[in-house]
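Numbering of the sequence shown is given in the working numbering, commencing with residue 1 and proceeding in unit increments. Contents: one structure, followed by commentary.
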Amino acid sequence: MDESKNPDVVSESAARDARDWVVRLSSGRMTEAELARFKTWRAASEENARAFVRERAFWQQLGALDLHAERERRPRQPASLSRRAMVFGGSAAVAASVAVVAVPRVRLLWQADYRTAAGEQRDVSLADGTRVTLNTDSALAVRYRQDLRFVELLRGEAMFDIGTDADAPFRVSAFGGNTDAVSGSLSVRALDEEAIVTVMSGEARVAAPALEDATAMPVMAAITIRPDQQTRYRRGGSPSPATAIDPEQVLAWRTGRVIFEGRPFAEAVAELGRYVPEPIVLVDRSHSHDPVSAVFSIRQAQAAVAALAETQGLTARRIPGVMIVIS
Numbered sequence: 001m002d003e004s005k006n007p008d009v010v011s012e013s014a015a016r017d018a019r020d021w022v023v024r025l026s027s028g029r030m031t032e033a034e035l036a037r038f039k040t041w042r043a044a045s046e047e048n049a050r051a052f053v054r055e056r057a058f059w060q061q062l063g064a065l066d067l068h069a070e071r072e073r074r075p076r077q078p079a080s081l082s083r084r085a086m087v088f089g090g091s092a093a094v095a096a097s098v099a100v101v102a103v104p105r106v107r108l109l110w111q112a113d114y115r116t117a118a119g120e121q122r123d124v125s126l127a128d129g130t131r132v133t134l135n136t137d138s139a140l141a142v143r144y145r146q147d148l149r150f151v152e153l154l155r156g157e158a159m160f161d162i163g164t165d166a167d168a169p170f171r172v173s174a175f176g177g178n179t180d181a182v183s184g185s186l187s188v189r190a191l192d193e194e195a196i197v198t199v200m201s202g203e204a205r206v207a208a209p210a211l212e213d214a215t216a217m218p219v220m221a222a223i224t225i226r227p228d229q230q231t232r233y234r235r236g237g238s239p240s241p242a243t244a245i246d247p248e249q250v251l252a253w254r255t256g257r258v259i260f261e262g263r264p265f266a267e268a269v270a271e272l273g274r275y276v277p278e279p280i281v282l283v284d285r286s287h288s289h290d291p292v293s294a295v296f297s298i299r300q301a302q303a304a305v306a307a308l309a310e311t312q313g314l315t316a317r318r319i320p321g322v323m324i325v326i327s
């Protein structure tokens with residue numbers, strides 16, 4: 001068969017150009033000159049036209065996955081915009097949903113004294129000599145006072161090598177719970193309404209509010225954790241009993257790696273997703289619970305996502321600046 005006439009086959013360059021046009025068209029910022037160039041490109045060959053139809057259909061499929069209810073709630077758009085919606089289908093809805101999700105994050109990061117972008121790690125020295133290493137997509141607020149060295153992990157993950165000060169304990173707050181230590185090293189992770197505290201050296205007291213019923217006053221349930229131990233708590237919940245952990249696995253990010261041992265595929269995708277700037281959309285969820293045991297480099301996060309997808313026979317497709325789709 002002549003592949004040039006096969007509607008399922010287009011060159012990579014045509015597919016890339018079509019993808020760029022779909023992204024640009026869905027942005028709602030096309031000028032008349034750009035629209036004219038798009039029409040010229042599409043009319044230049046049957047392959048270009050096929051590539052555009054395929055890419056547009058792909059975006060429409062994404063928009064149909066999770067956004068039906070959102071579209072039903074959305075007020076009717078002005079006529080000039082509704083024509084775009086008719087032409088580009090779900091693509092604009094996907095882009096809009098990403099923007100809506102980003103708003104509370106921007107508001108949260110505004111409170112931070114230190115922050116990192118996706119894929120970035122940062123070392124910070126605080127006034128008392130405490131050294132902090134922020135992992136990817138993290139935000140930290142510092143509120144020191146004379147009797148308490150208080151920091152709040154607003155989002156993400158951080159390692160704390162605590163400077164000694166017997167007169168002022170060091171406290172890390174996350175999701176309403178507090179981790180107190182005088183010295184030593186510990187890590188705190190605050191994601192998806194759950195905080196995870198791990199001690200590498202010294203010891204720490206972890207206290208979080210436990211509510212017996214909706215009208216009760218909060219009572220701080222506390223436990224002490226020691227080296228190579230970990231606890232976790234959800235917002236409004238008490239800390240779990242201390243469990244032994246492998247510090248190499250917990251802190252693998254400090255050496256540029258993530259280590260998965262029997263991790264469900266969907267969770268592994270979410271973890272690697274912290275290191276790339278675009279959100280990841282998992283279209284084929286049939287492998288969500290399949291275990292993954294592997295080591296990936298977060299210094300080449302895009303390649304790591306592609307390699308992770310390949311473990312399940314899937315493909316990771318990146319739309320630069322917009323999203324990564326695994327299908």
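Ideal Cβ placement from N, Cα and C applies to all residues, glycine included.
May I ask you to report which of helix, strand or coil DSSP gives Val276?
Note: Val276 maps to coil in three-state DSSP.
According to DSSP, is Glu194 part of a helix, a strand, or is it coil?
Of the three classes helix, strand and coil, the one that applies to Glu194 here is strand, per DSSP.
Per DSSP, what kind of secondary structure is Ser240 in: helix, strand or coil?
The answer is coil: DSSP assigns Ser240 none of H, G, I, E or B.
Can you have a look at Arg145 and say buried or exposed, based on whether 16 or more other CB atoms are within 10 angstroms of its CB?
That one is exposed.
Nearest-angstrom Cα distance between Trp21 and Glu203?
About 56 angstroms.
Are there 16 or more other CB atoms within 10 angstroms of the CB of Pro291, so buried, or fewer, so exposed?
Exposed, since its Cβ has fewer than 16 Cβ neighbours within 10 Å.
In the DSSP assignment, the alpha helix (DSSP H) including Gln249 goes from what residue to what residue?
Per DSSP, Gln249 belongs to the alpha helix (DSSP H) from 247-250.
Could you compute how far the alpha carbon of Ser183 sits from the alpha carbon of Ala301?
Their backbone Cα atoms lie some 33 angstroms apart in a straight line.
Assuming Ala174 contacts Arg149 under a Cβ cut-off of 8 angstroms, what Cβ separation, rounded to an integer in Å, is found between them?
The Cβ separation is near 15 angstroms, so there is no contact.
Would you kindly work out how many angstroms separate the C-alpha atoms of Gly237 and Ala307, rounded to a whole number?
When rounded, the distance between both Cα atoms is 36 angstroms.
Would DSSP call Glu157 helix, strand or coil?
Strand, per DSSP.
What does DSSP give as the partner residue(s) for Val295 in the beta ladder?
For Val295, which the question treats as bridged, DSSP gives the partners Ile259.
Tell me Asn178's beta-bridge partners as DSSP assigns them.
BP columns for Asn178 point to Ser173, Ala207.
Please give the ranges of any alpha helix (DSSP H) in the region 8-49, keeping only runs that are unbroken, at least 4 residues long and fully inside the region.
Counting whole runs of 4 or more residues, the region 8-49 contains the alpha helix (DSSP H) stretches 12-26, 32-43.
Please look up how many angstroms separate the CB atoms of Thr224 and Arg205, rounded, as I've assumed it's under 8 angstroms.
Yes, Thr224 and Arg205 are in contact; Cβ-Cβ is about 5 angstroms, under 8 angstroms.
Would you call Val295 buried or exposed, if buried means 16 or more other Cβ atoms sit within 10 Å of its Cβ?
Under this definition Val295 is an exposed residue.
By Cβ distance, which residues of its chain are closer than 6 angstroms to Leu126, with the 5 residues on each side in sequence left out?
Contacts found: none.
Using the C-alpha atoms, what's the distance from Ser327 back to Ala18?
Those two C-alpha atoms are separated by around 19 angstroms.
In the structure shown, what three-state DSSP assignment does Leu126 receive?
If DSSP states are grouped into helix, strand and coil, Leu126 belongs with coil.
If contacts are defined as beta-carbon pairs under 8 angstroms, then Ala118 and Leu153 qualify, I think. What distance do you get, rounded to the angstrom?
That belief does not hold up - the Cβ atoms of Ala118 and Leu153 are roughly 17 angstroms apart, past 8 angstroms.
Does the beta-carbon of Pro320 have 16 or more other beta-carbons within 10 angstroms, so that it is buried, or is it exposed?
With fewer than 16 Cβ atoms within 10 Å of its Cβ, Pro320 is classed as exposed.
Buried or exposed: Glu157, going by 16 or more other Cβ atoms within 10 Å of its Cβ?
Burial call: buried.
Using the rule of at least 16 other Cβ atoms within 10 Å of the residue's Cβ for burial, across every protein chain shown, is Arg286 buried or exposed?
Here the sequence assigns Ser to residue 286, which means Arg is not the residue at that position. When all chains shown are included, Ser286 counts as exposed.
DSSP on Glu120, reduced to helix/strand/coil?
Note: Glu120 maps to coil in three-state DSSP.
Spatial neighbours of Thr231 within its chain, please: CB distance less than 8 angstroms, with the 5 preceding and 5 following residues excluded, ordered by chain position.
Excluding sequence neighbours, Thr231 sits near Ile196, Val197, Val206, Ile223, Ile225, Pro239, Ser240, Pro241, Ala242, Thr243.
For Asn178, which residues of its own chain have a beta-carbon under 6 angstroms away from its beta-carbon, when the five flanking residues on both sides are left out?
For Asn178, where only same-chain residues beyond five positions count, the Cβ hits under 6 angstroms are Arg171, Ala207.
To which residues does DSSP link Leu229 through a beta bridge?
Checking the sequence shown, residue 229 turns out to be Gln, not Leu. Answer by DSSP bridge pairing, in chain order: Val199, Ala244.
Going by DSSP, what residues sit across from Ser183 in a beta bridge?
Per DSSP, none; premise fails for Ser183.
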